[in-house]
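Next comes the structure, spelled out in structure tokens:
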């Protein structure tokens with residue numbers, strides 16, 4: 001294969017994959033707690049006859065930027081935002097690991113009293129689903145302790161403690177569900193140093209402007225590589241015609 005054509009084709013492929021990553025970021029610009037994806041490219045030497053001086057780029061699986069998003073003030077007592085580093089733990093399902101992790105703290109209590117994040121049970125410090133008794137008022141304090149005032153009033157009663165974990169970012173990978181999981185699949189221990197605050201959520205850390213600029217740049221790169229492929233193919237055809245006389 002023509003080395004120029006091969007290199008340009010790989011460049012076009014890399015630009016397309018990178019555009020997919022950026023498009024996914026844009027689609028999640030309003031997703032609470034979303035961590036932007038970063039495409040990872042690695043330069044590598046091409047083996048084979050005729051490719052002795054050729055180098056191409058290989059796009060590896062995307063990683064995440066764990067920079068914190070902006071504060072969203074909700075004043076809702078069941079909304080919780082992690083301060084600095086850390087994750088909430090939620091239950092996986094039969095086909096996944098036992099625990100998944102997220103920065104999204106938009107919790108709700110369902111009709112059975114289960115504390116939920118979407119359709120997933122929120123886990124307590126022991127890794128068990130949290131169930132909340134009937135309450136008049138509810139509060140989540142800075143160390144993740146959930147307390148209620150029962151119907152009719154009275155003193156605060158502690159009913160559960162959120163499982164808060166603090167892994168190293170390189171120990172985490174994105175699960176197909178869009179939540180995070182440890183690379184080993186093993187549950188993390190609770191970390192008492194993680195702090196939260198009630199009445200707030202964390203926005204996505206995606207900048208729509210930066211992603212749009214990146215997409216436009218990648219589109220230009222893709223078009224340039226396609227033009228290079230067309231030119232290389234044309235030169236190859238002209239060379240073949242000259243050889244045929």
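In the UniProt record's numbering, the protein residues as written are 1 to 245. For each residue, glycine too, the CB sits at the ideal point set by N, CA and C. For clarity, every value in this text was computed on a predicted model and none was experimentally measured.
Own chain, CB closer than 8 Å to residue i, minus 5 neighbours either side, in chain order
i	result
residue 249	The requested residue 249 does not occur in the structure, where the chain is confined to residues 1 to 245.
residue 215	19, 22, 23, 26
residue 151	134, 135, 136
6 Å Cβ shell around residue i - same chain, five flanking residues per side excluded
i	result
residue 18	39, 218
residue 86	164, 166, 194
residue 32	104, 106, 201
Residue i - DSSP class collapsed to helix/strand/coil
i	result
residue 137	strand
residue 160	strand
residue 65	coil
residue 21	helix
residue 88	strand
residue 102	strand
residue 78	coil
residue 223	helix
residue 234	helix
residue 73	strand
residue 40	strand
residue 201	strand
residue 207	coil
residue 109	strand
residue 30	coil
residue 188	coil
Between the CA atoms of residue j and residue i - distance to the nearest angstrom
i	j	result
residue 62	residue 178	13 Å
residue 90	residue 198	18 Å
residue 101	residue 236	53 Å
residue 6	residue 99	43 Å
residue 4	residue 240	16 Å
residue 230	residue 238	12 Å
residue 105	residue 188	18 Å
residue 162	residue 145	6 Å
residue 138	residue 77	7 Å
residue 176	residue 93	12 Å
residue 228	residue 221	11 Å
residue 80	residue 125	16 Å
residue 156	residue 114	19 Å
residue 160	residue 147	7 Å
residue 196	residue 140	8 Å
Residues that residue i bridges to, as DSSP identifies them
i	result
residue 173	181
residue 124	162
residue 195	83
residue 145	161
Sequence-distant residues of its chain with Cβ nearer than 7 Å to residue i (five each side left out)
i	result
residue 174	64, 180
residue 74	199, 200, 201
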